[in-house]
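Notes to accompany the following structure.
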Amino acid sequence: MLFTPPPTLLPHSLPAKCGWGDRGYGSRGLSMLPVGIFALLACIPPAQATTAKKNTTHTTHSATKSTSHHASGHTSRARASSSGTRSSSTAARTASTRAEAEAERSVKQAQAALAATQAQRAAMDKQKAEQAAAVMASRAKNEAAQAVAVQSAAKASALSAATVSATAQLQTTEQQVADLDSRIADLRKEQASLRDALTEDAKALAPVLPLAERLSLYPSDTLLAAPVPQGEAVTGFLVLRGLSRGLEHQAEDMRARQEKLTALDADLTAKLAALGQLQETQSRQRDQVRQQALKARAAQQQANAAARAAAVRLQSATQKASSLQDAVSRLDALQADAESALQKEIAAAEKAHQAARDEAARRRAQERADAARRKMAAMASAAGPGLSDHPPAGGGTRPVVGTLVSTWGSATESGPATGITYRTAPSASVRTPCSGRVDFAGPFRTYGQMVILNCGQHYRFVMAGFSGLDVATGQGLSKGAPIGHMGSSGSSSTLFIQLRHGQKPVNPAPFL
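Residue numbers (our numbering): 38 to 549.
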């Protein structure tokens with residue numbers, strides 16, 4: 038608190054060191070007054086300083102008392118105020134402590150929740166990474182399996198193509214055997230006819246042989262001894278002479294027939310020997326063809342799982358069919374469904390390709406579309422190239438060596454024939470009439486062992502009556518490759534062939 042001395046206590050002049058000098062002590066001089074009473078006393082001379090000191094002491098005492106009184110009042114009020122403030126500050130501190138504790142708990146809970154969330158995120162990231170790795174591994178396995186399937190299918194096709202030449206040679210040998218069998222049968226018939234003729238001639242000559250023998254030995258004595266007139270004897274002589282000549286001619290004919298019969302016997306013996314050699318060649322070729330066919334079949338059975346699944350569906354659908362018409366209908370329906378699914382996949386991939394904004398998505402969509410197109414192309418190529426609507430004359434492949442016993446449209450017990458029927462040579466091999474894929478191979482109701490061959494473009498050959506099969510469902514075959522073999526006799530040597538375009542039977546003869 039700044040103390041200002043009364044004017045009576047101030048000299049009219051102060052030393053210059055106090056800052057006033059002769060300028061007086063107006064408001065400007067008071068503003069320059071040093072702070073504190075001791076600074077003022079230092080500027081007063083000693084004589085005046087004593088008086089000023091006394092006055093100052095009194096004044097100071099009064100001021101002190103006044104200040105003490107005021108301070109005492111303020112102190113009491115401060116104590117009361119301090120007491121209230123202390124209680125309110127305690128409550129505030131308690132509330133603050135509680136709030137801090139709550140805040141700390143909330144922070145800890147938030148930290149715990151954050152840590153749990155981060156742990157879950159880390160676990161999810163780890164699981165996602167594991168799943169991604171599993172997907173990549175599965176994709177790699179799938180690609181490897183597809184590569185193996187492609188290699189197996191290519192191997193099966195190559196083996197099937199390799200059997201075509203061997204099967205053609207086998208059928209040539211089988212045709213030679215069949216022709217030789219037919220010639221041998223004709224020779225045996227001719228032998229039998231000659232023997233029968235010789236027997237009849239011998240029976241006709243038997244009554245006159247004793248007379249002819251006697252006439253040849255004693256011609257004159259026989260006529261002279263006869264009790265007849267001379268003219269009749271001469272006539273009898275002439276008759277006997279003519280009879281002798283006739284018998285001589287008959288004897289010559291019989292000798293010629295006997296010689297021919299002997300030649301036929303020799304020819305038959307030679308042909309039987311040739312037949313034995315051809316049969317050995319045929320057996321060797323047949324074993325070779327069957328071994329190659331088994332290799333092709335085994336290679337096909339190692340194809341991809343998708344092909345096997347499709348084959349199982351085809352097998353199941355065909356075996357559940359109530360009739361051949363139903364079986365072919367089911368096969369057409371399955372093929373249509375597969376083509377429709379691939380078309381939808383292509384459309385979806387192209388739509389995704391158009392809608393994708395980033396390059397990676399567009400690339401994946403394009404890969405899907407390309408893969409679907411490859412599947413469609415593979416399906417079309419595996420099924421075969423189809424058949425020409427106007428096949429050239431003689432351009433087909435004869436499936437089996439045998440005789441045609443029933444033609445397209447011929448009358449049968451159930452109406453016009455919807456196919457053709459061969460009576461085959463014993464154990465004859467059967468070849469494919471077109472390139473394509475085996476939709477079904479196995480026993481089918483009363484048809485026995487049956488094969489449905491998909492030639493492509495919705496053309497299918499249905500062939501039934503086999504004794505054994507050399508192909509499997511789903512196998513790709515080249516034209517002329519072996520399918521199976523026939524039996525040796527009875528119904529097992531009858532092959533039925535039907536050609537269908539979609540679900541409608543058509544005449545197979547122009548394609549065989």
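Quick reminder that beta carbons are idealized off the backbone N, C-alpha and C, glycines included.
None of these values were measured; they are calculated from a predicted model.
Ignore the nearest five residues each way along the sequence and tell me which others in residue i's own chain have a CB closer than 8 Å to its CB.
| i | result |
| --- | --- |
| Leu549 | Gly433, Thr434, Arg435, Pro436, Ile457, Pro470, Ile534 |
| Gly204 | The question names Gly, yet the displayed sequence has Thr at residue 204. Closer than 8 Å at Cβ, skipping near neighbours: Val326, Ser466, Arg468, Gly517, Ala518, Pro519. |
| Arg225 | Leu305 |
| Tyr484 | Leu361, Ala501, Gly502, Phe533 |
| Lys308 | Leu217, Arg220, Ile221, Leu224 |
What residues in its chain sit with their C-beta under 6 Å from that of residue i, if we drop five residues either side in the sequence?
| i | result |
| --- | --- |
| Leu312 | Leu217 |
| Ala215 | Val438, Ala462 |
| Val442 | Thr458, Arg460 |
| Thr440 | Arg460 |
I believe residue i touches residue j by the beta-carbon criterion, under 8 Å. Please report the beta-carbon distance rounded to the nearest angstrom.
| i | j | result |
| --- | --- | --- |
| Arg468 | Gly517 | 5 Å |
| Val499 | Met487 | 7 Å |
| Gly473 | Cys492 | 4 Å |
| Leu298 | Gln213 | Contact flag wrong, Cβ pair sits at about 26 Å. |
What is the DSSP secondary structure of residue i, counted as helix, strand or coil?
| i | result |
| --- | --- |
| Lys516 | coil |
| Phe548 | helix |
| Pro463 | coil |
| Arg435 | coil |
| Gln486 | strand |
| Val214 | helix |
| Thr458 | strand |
| Leu536 | strand |
| Ser472 | coil |
| Gly502 | strand |
| Ala448 | strand |
| Val508 | coil |
| Ala373 | helix |
| Leu441 | strand |
| Gln479 | Looking at the sequence itself, residue 479 is Gly, so the reference to Gln does not match. Gly479: strand per DSSP, three-state reduction. |
| His495 | coil |
| Pro244 | coil |
| Gly521 | strand |
Taking all protein chains shown into account, decide if residue i is buried (16 or more other Cβ within 10 angstroms of its Cβ) or exposed.
| i | result |
| --- | --- |
| Glu211 | buried |
| Ser447 | exposed |
| Leu231 | buried |
| His111 | Confidence at His111 is low in this model, with a pLDDT of 46, below 50, so the placement of that residue should be treated as unreliable; the coordinate-derived value is given next. Label assigned to His111: exposed. |
| Ala310 | exposed |
| Pro244 | exposed |
| Pro542 | buried |
| Thr449 | exposed |
| Ser197 | buried |
| Pro545 | buried |
| Gln322 | buried |
| Gln295 | exposed |
Where residue i and residue j are concerned, what is the direct C-alpha to C-alpha distance, given to the nearest angstrom?
| i | j | result |
| --- | --- | --- |
| Leu301 | Gly452 | 46 Å |
| Arg497 | Ala229 | 48 Å |
| Leu506 | Asp407 | 37 Å |
| Phe503 | Leu490 | 14 Å |
| Arg142 | Arg135 | 10 Å |
| Lys240 | Arg282 | 18 Å |
| Ser515 | Lys192 | 12 Å |
| Gln540 | Asp233 | 56 Å |
| Asp374 | Ser366 | 12 Å |
| Ala378 | Leu207 | 43 Å |
| Ala402 | Lys381 | 13 Å |
| Phe481 | Ala509 | 14 Å |
| Met523 | Thr531 | 8 Å |
| Gly511 | Trp445 | 29 Å |
| Gly553 | Ala478 | Since the first residue of the chain shown is 38 and the last is 549, residue 553 is not available in this structure. |
| Glu317 | Ser219 | 18 Å |
| Arg410 | Thr209 | 42 Å |
| Asp324 | Ser526 | 20 Å |
| Glu139 | Lys388 | 56 Å |
| Met291 | Glu227 | 14 Å |
| Arg400 | Leu424 | 38 Å |
Within the same chain, show all residues whose beta-carbon is closer than 7 Å to that of residue i, passing over the 5 residues directly before and after it, in chain order.
| i | result |
| --- | --- |
| Thr200 | Val326, Gln329, Ala330, Ala333, Ala518, Pro519 |
| His538 | His495, Tyr496 |
| Gln287 | Asp238, Leu242 |
| Thr455 | Gln535, Pro542 |
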